[in-house]
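Engineer: Numbering (my numbering), first residue to last: 7 to 96.
Heads up, the beta-carbon is just placed ideally off N, CA and C, and yes, glycines get one too.
#1: Which of helix, strand or coil does DSSP assign to residue 2?
#2: May I ask you to report which of helix, strand or coil DSSP gives residue 73?
#3: So the beta strand (DSSP E) residue 84 belongs to, where does it begin and stop?
#4: Is the beta carbon of residue 33 sitting closer than 8 Å to the one on residue 92?
#5: Residue 27 to residue 13, Cα distance in whole Å?
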């Protein structure tokens, strides 16, 4: 009997849904306070996960949830970047 590989789950900070890590986008705040998208999931710093879903990103923007999770001010440009990222399906 083949053992099933455990799928790493992450919680979306906007919707609070648990989803497989590969269906999420990681947003990270580096030590110098720079907020960026982390497509590899490997950057060091404080990270927060969002569903790869336009509605989740818009909800996060409306509630400004990333600022709370990353403990820093998050520019609207980060949310715009996330929307482009999701729309391009990368």
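Structural biologist: Considering the structure as presented:
#1: Residue 2 lies beyond the residue range present for the chain, which begins at 7 and ends at 96; the question has no answer from this structure.
#2: helix
#3: Looking at the DSSP string, residue 84 is not in any beta strand (DSSP E); the run it does join, the alpha helix (DSSP H), is 82-93.
#4: no
#5: 8 Å
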